[in-house]
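In the working numbering, the protein residues as written are 1 to 415.
All C-beta atoms, glycine included, are put in the ideal place defined by N, C-alpha and C.
Below is one structure, written out as structure tokens; comments come after it.
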């Protein structure tokens with residue numbers, strides 16, 4: 001059969017299969033990311049039906065998927081929002097990084113993978129999944145809760161930290177010298193700072209230049225500009241994803257909203273291709289040897305994320321129930337953990353890192369929505385068992401119990 005016909009059949013089957021898996025995930029009411037990863041495992045090295053003709057195109061589509069994920073993330077925020085969050089919520093960001101990056105780094109060192117793999121796995125365990133968490137908040141009707149801004153602030157700080165973290169990872173994986181790596185990081189920080197400054201001061205001018213009433217022209221200009229900046233950033237070894245993120249930050253107002261609506265279907269398509277691509281490069285037979293470390297790491301970092309959310313919500317004056325909800329909601333890992341692990345897999349630094357990251361994300365992307373829903377009621381039930389009823393305490397003290405009114409049911413929206 002002609003190679004182009006084989007390519008069309010293979011790639012068409014991939015897209016159709018992803019669509020069906022997405023519909024299945026929607027009916028089951030959980031993220032489609034684990035199903036996409038499993039699909040990649042099924043059709044990759046050592047899978048049921050390895051692909052051939054379409055693999056190169058899938059690789060390019062996966063790279064575009066990462067760029068669009070970061071672009072859309074940048075469109076969610078304005079530069080002033082990022083600066084404001086950085087000023088007011090940085091303690092929560094530091095606690096988040098410390099509690100959740102250290103377990104990943106420690107495991108990598110314990111397994112003898114070396115310092116570079118430790119920095120990579122630290123990022124995998126540190127960054128929560130903005131996409132999964134946003135969907136969970138909407139599904140549970142918690143967008144109006146008082147703890148939700150705390151959750152979003154932590155996610156914003158993680159996303160902003162990516163602009164610094166990704167260039168460091170890129171330089172380490174490239175094996176550059178300390179001097180070259182320092183220059184790369186300095187360039188990344190300088191570019192990020194410059195973009196934030198320009199976006200705050202001249203964001204309207206940039207948006208006016210990009211703006212167009214014709215959706216087709218707006219799509220072409222924004223997509224072309226993003227790919228161009230991402231390519232230049234990668235040429236400077238700053239990371240294409242960071243370049244795309246900064247383009248998203250620079251756009252604001254109606255332009256950002258219009259671009260978001262136009263690019264959302266493209267992002268969903270290529271992001272799904274990216275998860276399949278990551279699975280394609282992970283041999284299913286390599287997962288069983290790392291399943292126990294991945295499961296242990298998932299349990300530890302689920303607890304550290306819950307602790308992070310609880311601490312940040314308490315610092316913001318949120319009630320106890322809201323603190324537990326904030327912690328449980330932050331547990332999910334997903335797209336950015338895979339992005340970070342994908343960089344390491346491409347560089348070939350540690351064969352077991354990809355399988356471990358795949359198993360880790362599969363566990364937490366399924367567990368995350370469950371902890372978001374059940375952490376608070378379980379914690380409150382356990383706390384209720386430890387605390388004796390008020391009438392029992394009064395009776396023990398020899399004081400007659402006084403009948404009190406039952407408190408109103410706590411809906412969560414007033415905290």
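Residue i vs residue j beta-carbon contact at 8 Å
i           : j           : result
residue 365 : residue 133 : no
residue 200 : residue 80  : yes
residue 121 : residue 248 : no
residue 67  : residue 230 : yes
residue 371 : residue 328 : yes
residue 251 : residue 221 : no
residue 93  : residue 163 : no
residue 291 : residue 359 : yes
residue 194 : residue 71  : no
residue 73  : residue 271 : no
residue 166 : residue 256 : no
residue 320 : residue 100 : no
residue 116 : residue 349 : yes
residue 43  : residue 228 : no
residue 39  : residue 21  : yes
residue 107 : residue 293 : yes
8 Å contact criterion, which residue i and residue j should meet: CB distance rounded
i           : j           : result
residue 65  : residue 273 : 5 Å
residue 345 : residue 298 : 19 Å between Cβ atoms; not a contact.
residue 326 : residue 150 : 5 Å
residue 375 : residue 324 : 5 Å
residue 336 : residue 129 : 7 Å
residue 145 : residue 317 : Incorrect: roughly 14 Å between the Cβ atoms, too far for contact.
residue 343 : residue 173 : 6 Å
residue 284 : residue 41  : 5 Å
residue 154 : residue 312 : 6 Å
residue 119 : residue 187 : With a Cβ gap of about 19 Å, residue 119 and residue 187 do not count as contacting.
residue 148 : residue 301 : Going by Cβ atoms, the distance from residue 148 to residue 301 rounds to 22 Å, so no, they are not a contact pair.
residue 246 : residue 205 : That pair is no contact at about 16 Å.
Counted within 10 angstroms of its Cβ, other Cβ atoms place residue i as buried (16 or more) or exposed
i           : result
residue 110 : exposed
residue 158 : buried
residue 87  : exposed
residue 98  : exposed
residue 202 : exposed
residue 152 : buried
residue 276 : buried
residue 254 : exposed
residue 288 : exposed
residue 197 : exposed
residue 63  : buried
residue 355 : buried
residue 296 : exposed
residue 31  : buried
residue 393 : With a pLDDT of 46 at residue 393, under the threshold of 50, the modelled position of that residue is not reliable, and the figure given next carries that caveat. That one is exposed.
residue 24  : exposed
residue 139 : exposed
residue 384 : exposed
residue 402 : Only weak support exists for where residue 402 lies, its pLDDT of 44 falling under 50; the coordinates are left without a value.
residue 217 : exposed
residue 56  : exposed
residue 232 : exposed
residue 103 : buried
residue 419 : Nothing can be reported for residue 419: it is not among the residues displayed for the chain, which extend from 1 to 415.
residue 368 : buried
residue 8   : exposed
residue 182 : exposed
residue 5   : exposed
residue 207 : buried
residue 60  : exposed
residue 90  : exposed
What ranges does the alpha helix (DSSP H) occupy inside the region 255-318, keeping only unbroken runs of at least 4 residues that lie completely in it?
291-315
Alpha helix (DSSP H) runs contained entirely in the region 351-388, provided each spans 4 or more residues:
353-386
What are the complete alpha helix (DSSP H) segments, minimum 4 residues, inside the region 52-138?
55-75, 79-110 and 115-126
Return the chain-ordered ranges of every alpha helix (DSSP H) run that is complete within the region 136-223 and spans a minimum of 4 residues.
148-174 and 178-210
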